[in-house]
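Visitor:
Protein chains: 2
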Amino acid sequence: MAPPIAVVLLSGGLDSATVAAIALAAGFDVAALSFRYGQRHGAELAAAARVAESLGVTRRLVLDVDLRPIGGSALTGDLPVPKDRPAAALGADIPSTYVPARNTIFLSLALAWAEVLGARDIFIGANAVDYSGYPDCRPEYLHAFEHLARLATRAGAEGAGLTVHAPLLALSKAGIIARGAALGVDYGRTVSCYDPDDAGAACGRCDACQLRRRGFEESGIPDPTRYQAGALR
Amino acid sequence: MAPPIAVVLLSGGLDSATVAAIALAAGFDVAALSFRYGQRHGAELAAAARVAESLGVTRRLVLDVDLRPIGGSALTGDLPVPKDRPAAALGADIPSTYVPARNTIFLSLALAWAEVLGARDIFIGANAVDYSGYPDCRPEYLHAFEHLARLATRAGAEGAGLTVHAPLLALSKAGIIARGAALGVDYGRTVSCYDPDDAGAACGRCDACQLRRRGFEESGIPDPTRYQAGALR
Numbered sequence: 376m377a378p379p380i381a382v383v384l385l386s387g388g389l390d391s392a393t394v395a396a397i398a399l400a401a402g403f404d405v406a407a408l409s410f411r412y413g414q415r416h417g418a419e420l421a422a423a424a425r426v427a428e429s430l431g432v433t434r435r436l437v438l439d440v441d442l443r444p445i446g447g448s449a450l451t452g453d454l455p456v457p458k459d460r461p462a463a464a465l466g467a468d469i470p471s472t473y474v475p476a477r478n479t480i481f482l483s484l485a486l487a488w489a490e491v492l493g494a495r496d497i498f499i500g501a502n503a504v505d506y507s508g509y510p511d512c513r514p515e516y517l518h519a520f521e522h523l524a525r526l527a528t529r530a531g532a533e534g535a536g537l538t539v540h541a542p543l544l545a546l547s548k549a550g551i552i553a554r555g556a557a558l559g560v561d562y563g564r565t566v567s568c569y570d571p572d573d574a575g576a577a578c579g580r581c582d583a584c585q586l587r588r589r590g591f592e593e594s595g596i597p598d599p600t601r602y603q604a605g606a607l608r
Numbered sequence: 376m377a378p379p380i381a382v383v384l385l386s387g388g389l390d391s392a393t394v395a396a397i398a399l400a401a402g403f404d405v406a407a408l409s410f411r412y413g414q415r416h417g418a419e420l421a422a423a424a425r426v427a428e429s430l431g432v433t434r435r436l437v438l439d440v441d442l443r444p445i446g447g448s449a450l451t452g453d454l455p456v457p458k459d460r461p462a463a464a465l466g467a468d469i470p471s472t473y474v475p476a477r478n479t480i481f482l483s484l485a486l487a488w489a490e491v492l493g494a495r496d497i498f499i500g501a502n503a504v505d506y507s508g509y510p511d512c513r514p515e516y517l518h519a520f521e522h523l524a525r526l527a528t529r530a531g532a533e534g535a536g537l538t539v540h541a542p543l544l545a546l547s548k549a550g551i552i553a554r555g556a557a558l559g560v561d562y563g564r565t566v567s568c569y570d571p572d573d574a575g576a577a578c579g580r581c582d583a584c585q586l587r588r589r590g591f592e593e594s595g596i597p598d599p600t601r602y603q604a605g606a607l608r
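Residue numbers (our numbering), protein chains in the order written: chain A, 376 to 608; chain B, 376 to 608.
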């Protein structure tokens, strides 16, 4: 019997690379879904392609959904990316890098692809520890989406359920890195930075860089991230 | 005090034009959201522009979200549009014109725009009578989305609710037409056909045309639809 297909949201960052490895280890045939949504940089999508390749994932889809006209986020160019925020601020508020309803939009598109593929599983790298400030990373949100998905689709109408897996939900960044490293994820291929240079080198100073760097430090695993010259002052 | 903003999903069809008129009559400042999602024809978007203009709606957004790579629907070019289906079949099954998870995708994008605009109301032309075959037109689905929306957003995280209005949910097509006509909707500006010609003239034979035509007949209101030559055999 062919393994069941799971749609995995793959951004090219550390978290989603780990999730893809977890889905593969769980025996799923991974269908990797990425988005060209108007993010500032193409480094993320290039990283998603590298990650998929290194994991041997060949079923990939990159969808165009331009969120820029909606506005309201530093990640789609409206606002500056905050840098050098104090550690206590990270995860404590809803930062300007929050993209309105992004997880809902991405999960909806994953749901559409899952329906066409006949998949009953979606994996997302949502995390309630480092991203507690993002409303759409909370467990109750994910449960609500799962409930919605069962009602929204042809498969659901015919009685089949859909499961949204968020295996990183309760993990610290160090815990995520340890988990992925054990599964052989090559984090040198991932890009987490909200403001990388054209070559994909990380700024070292945005929230995502700070959380990632601290995660490697705490995990005791060497940090393979390429930083911009002078980033680590 | 400025009237509250409501995001209205405006496709250019008969239903959503009626919904926009209802939202205006209820005192909302209408923000009309349309999509370039890879639908076969541009007639729909041209109609949305005409409808918005005739209603005096100036706050408009057309988002690009290409659903074609996902496949699985006659409306995005994968499958033929069914024609001349018997009346009993209309609404009884999930037809090939169903676009997987479309309402979920569109509502998610409406939610994002609502969040940026500070709107707490979304209007959608979902209908459970003629489209009982579409899982994402059922009342329980819409309630689930409303619940999700409250959990998904910054506003929700701060305690504000969001209401999804589906004022056509329990109306027949004739009832919708009567309601819109009373509000002054010019249905000659709308396009419902799944397969119009380049000039926007209706085929008269797809499910949408058949339901619309029957609706005008039953309402006793003259049908202003432009049909293709020979469409009404």
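Virtual Cβ for every residue (Gly too), placed ideally from N, Cα, C.
Given a cut-off of 9 Å on the beta-carbon distance, is the pair residue 436 of chain B and residue 408 of chain B in contact?
Guide: For the purposes of this step, residue 436 of chain B is identified with residue 61 of the second sequence, where counting begins at 1. For the purposes of this step, residue 408 of chain B is identified with residue 33 of the second sequence, where counting begins at 1. Contact: yes.
Visitor: I want to know whether the segment 564 to 575 of chain A touches the segment 380 to 391 of chain A - three or more CB-CB distances under 8 Å.
Guide: In short, these stretches touch, since the Cβ pair count reaches three.
Visitor: Of all Cβ atoms in chain A, is any one closer than 9 Å to the Cβ of residue 478 of chain B?
Guide: Sequence index remark: in the second sequence, residue 478 of chain B carries index 103 (1-based). So yes, residue 478 of chain B belongs to the interface.
Visitor: Please classify residue 492 of chain B: does DSSP put it in a helix, a strand, or coil?
Guide: The sequence position of residue 492 of chain B within the second sequence is 117, counting from 1. It is helical.
Visitor: Check whether the segment 593 to 601 of chain A touches the segment 552 to 562 of chain A, counting contact only when three or more Cβ pairs, one atom from each stretch, lie closer than 8 Å.
Guide: Cβ pair count under 8 Å is three or more, so yes.
Visitor: Does any CB atom of chain A fall closer than 9 Å to the CB of residue 501 of chain B?
Guide: Numbered from 1 along the second sequence, position 126 holds the residue referred to as residue 501 of chain B. So, not an interface residue.
Visitor: Let me know if residue 573 of chain B comes out buried or exposed under the rule of 16 or more other beta-carbons within 10 Å of its beta-carbon.
Guide: Taking the first residue of the second sequence as 1, we reach residue 573 of chain B at position 198. Exposed.
Visitor: For residue 602 of chain B, list the residues DSSP reports as bridge partners.
Guide: Position 227 of the second sequence holds residue 602 of chain B. Residue 602 of chain B pairs with B:577.
Visitor: So which residues on chain A does residue 433 of chain B lean against when the C-beta distance must stay under 8 Å?
Guide: Here residue 433 of chain B refers to the residue found at position 58 when the second sequence is read from its first residue. In chain order: nothing, as chain A lies at least about 16 Å away.
Visitor: Rounded to whole angstroms, what's the CA-CA distance from residue 440 of chain B to residue 524 of chain A? Just pull it up for me.
Guide: Here residue 440 of chain B is taken as the residue at index 65 of the second sequence, counted from 1. Here residue 524 of chain A is taken as the residue at index 149 of the first sequence, counted from 1. Roughly 20 Å between the two C-alpha positions.
Visitor: Residue 445 of chain A touches chain B at which residues, Cβ-Cβ below 8 Å?
Guide: Position 70 of the first sequence, counting from 1, holds the residue named residue 445 of chain A. Within 8 Å Cβ-Cβ: 436, 438, 484, 487, 488, 491.
Visitor: How is the alpha helix (DSSP H) around residue 384 of chain A delimited, first residue to last?
Guide: Residue mapping note: residue 384 of chain A aligns to position 9 of the first sequence, counting from 1. Premise fails: residue 384 of chain A lies in the beta strand (DSSP E), 380 to 384, not in any alpha helix (DSSP H).
Visitor: Do we get a CB-CB distance below 9 Å when we pair residue 520 of chain B with the residues of chain A?
Guide: Taking the first residue of the second sequence as 1, we reach residue 520 of chain B at position 145. True, the Cβ-Cβ gap to chain A drops below 9 Å.
Visitor: Which residues bound the beta strand (DSSP E) around residue 567 of chain A?
Guide: As a first step, residue 567 of chain A is located in the first sequence; it is residue number 192 there, counting from the start. Neither: residue 567 of chain A is in no beta strand (DSSP E) and is coded neither H nor E.
Visitor: DSSP three-state label for residue 393 of chain B, please.
Guide: For this step, residue 393 of chain B is matched to residue 18 along the second sequence. Three-state result, residue 393 of chain B: helix.
Visitor: Which first and last residues belong to the alpha helix (DSSP H) in which residue 425 of chain A is found?
Guide: Against the first sequence, residue 425 of chain A aligns to sequence position 50. Run containing residue 425 of chain A: 418 to 430, per the alpha helix (DSSP H) assignment.
Visitor: What do you reckon, are the CB atoms on residue 528 of chain A and residue 486 of chain A nearer than 9 Å?
Guide: For the purposes of this step, residue 528 of chain A is taken as residue 153 along the first sequence, with counting starting at 1. For the purposes of this step, residue 486 of chain A is taken as residue 111 along the first sequence, with counting starting at 1. A contact, by the Cβ cut-off of 9 Å.
Visitor: Taking residue 443 of chain A as the reference, which of B:488, B:426, B:442, B:459 has the closest Cα?
Guide: Locating residue 443 of chain A in the first sequence gives position 68, counting from the first residue. For the residues B:488, B:426, B:442, B:459, the minimum Cα distance to residue 443 of chain A belongs to B:488.
Visitor: Check this for me: beta carbons of residue 503 of chain A and residue 545 of chain A, under 9 Å apart or not?
Guide: Here the question's residue 503 of chain A lines up with position 128 in the first sequence. Here the question's residue 545 of chain A lines up with position 170 in the first sequence. A contact, by the Cβ cut-off of 9 Å.
Visitor: Using beta carbons (cut-off 9 Å, strictly below), is residue 524 of chain A in contact with chain B?
Guide: Locating residue 524 of chain A in the first sequence gives position 149, where the first residue counts as 1. Yes - at least one Cβ of chain B is within 9 Å of the one on residue 524 of chain A.
Visitor: Among B:584, B:509, B:446, B:530, whose alpha-carbon lies nearest the alpha-carbon of residue 476 of chain A?
Guide: Sequence index remark: in the first sequence, residue 476 of chain A carries index 101 (1-based). That would be B:530, whose Cα lies nearest to the Cα of residue 476 of chain A.
Visitor: Using beta-carbon positions only, say whether residue 542 of chain B and residue 394 of chain B come within less than 9 Å of one another.
Guide: Within the second sequence, numbered from 1, the residue matching residue 542 of chain B stands at position 167. Within the second sequence, numbered from 1, the residue matching residue 394 of chain B stands at position 19. It is a contact, given that the beta carbons lie within the stated cut-off.
Visitor: I want to verify the contact list: residues of chain A whose CB lies under 8 Å from the CB of residue 495 of chain B, in sequence order.
Guide: Numbered from its first residue, the second sequence carries residue 495 of chain B at position 120. Simply none; closest approach about 14 Å.
Visitor: By the 10 Å Cβ neighbour count, where 16 or more other Cβ atoms means buried, how is residue 378 of chain B classified, buried or exposed?
Guide: The count along the second sequence starts at 1 and reaches residue 378 of chain B at position 3. Residue 378 of chain B should be labelled exposed.
Visitor: Could you have a look at residue 403 of chain B and say whether DSSP puts it in helix, strand or coil?
Guide: By 1-based counting over the second sequence, the position of residue 403 of chain B is 28. In the structure shown, residue 403 of chain B sits in coil (DSSP, three-state: anything other than H, G, I, E or B).
Visitor: Taking its Cβ as the centre, do 16 or more other Cβ atoms sit within 10 Å of residue 515 of chain A, making it buried, or is it exposed?
Guide: On the first sequence, residue 515 of chain A is found 140 positions in, with the first residue counted as 1. Exposed, because fewer than 16 other Cβ atoms sit within 10 Å of the Cβ of residue 515 of chain A.
Visitor: At the level of alpha carbons, what is the spacing between residue 412 of chain B and residue 399 of chain A?
Guide: Start at 1 with the first residue of the second sequence, and residue 412 of chain B comes out as number 37. Start at 1 with the first residue of the first sequence, and residue 399 of chain A comes out as number 24. Spanning the two alpha carbons is a distance of roughly 31 Å.
Visitor: Using beta-carbon positions only, say whether residue 579 of chain B and residue 421 of chain B come within less than 9 Å of one another.
Guide: Mapped onto the second sequence, residue 579 of chain B falls at position 204. Mapped onto the second sequence, residue 421 of chain B falls at position 46. Their beta carbons are not under 9 Å apart, which means residue 579 of chain B does not touch residue 421 of chain B by this criterion.
Visitor: Starting from residue 434 of chain B, trace the beta strand (DSSP E) both ways and give me its first and last residue.
Guide: Along the second sequence, read from residue 1 onward, the residue named residue 434 of chain B stands at position 59. Unbroken beta strand (DSSP E) run through residue 434 of chain B: 434 to 439.
Visitor: Using CA coordinates, which residue listed in A:419, A:458, A:591 is at the minimum distance from residue 554 of chain A?
Guide: As a working note, residue 554 of chain A is residue 179 in the first sequence. For residue 554 of chain A, the nearest C-alpha among the options comes from A:591.
Visitor: In the DSSP assignment, the alpha helix (DSSP H) including residue 499 of chain A goes from what residue to what residue?
Guide: Here the question's residue 499 of chain A lines up with position 124 in the first sequence. No alpha helix (DSSP H) holds residue 499 of chain A; DSSP gives it neither H nor E.
Visitor: Compare the beta carbon distance of residue 405 of chain B and residue 445 of chain B with 9 Å and say whether it is the shorter of the two.
Guide: Numbered from its first residue, the second sequence carries residue 405 of chain B at position 30. Numbered from its first residue, the second sequence carries residue 445 of chain B at position 70. Their beta carbons are not under 9 Å apart, which means residue 405 of chain B does not touch residue 445 of chain B by this criterion.
Visitor: Please state whether DSSP places residue 409 of chain A in a helix, a strand or coil.
Guide: Taking the first sequence and counting its residues from 1, the one referred to as residue 409 of chain A is at position 34. Looking at residue 409 of chain A - three-state DSSP - the assignment turns out to be strand.
Visitor: When the Cα of residue 433 of chain A is compared with those of A:403, A:557, A:416, which residue comes out closest?
Guide: By one-based count along the first sequence, residue 433 of chain A stands at place 58. Minimum Cα distance to residue 433 of chain A is reached at A:403.
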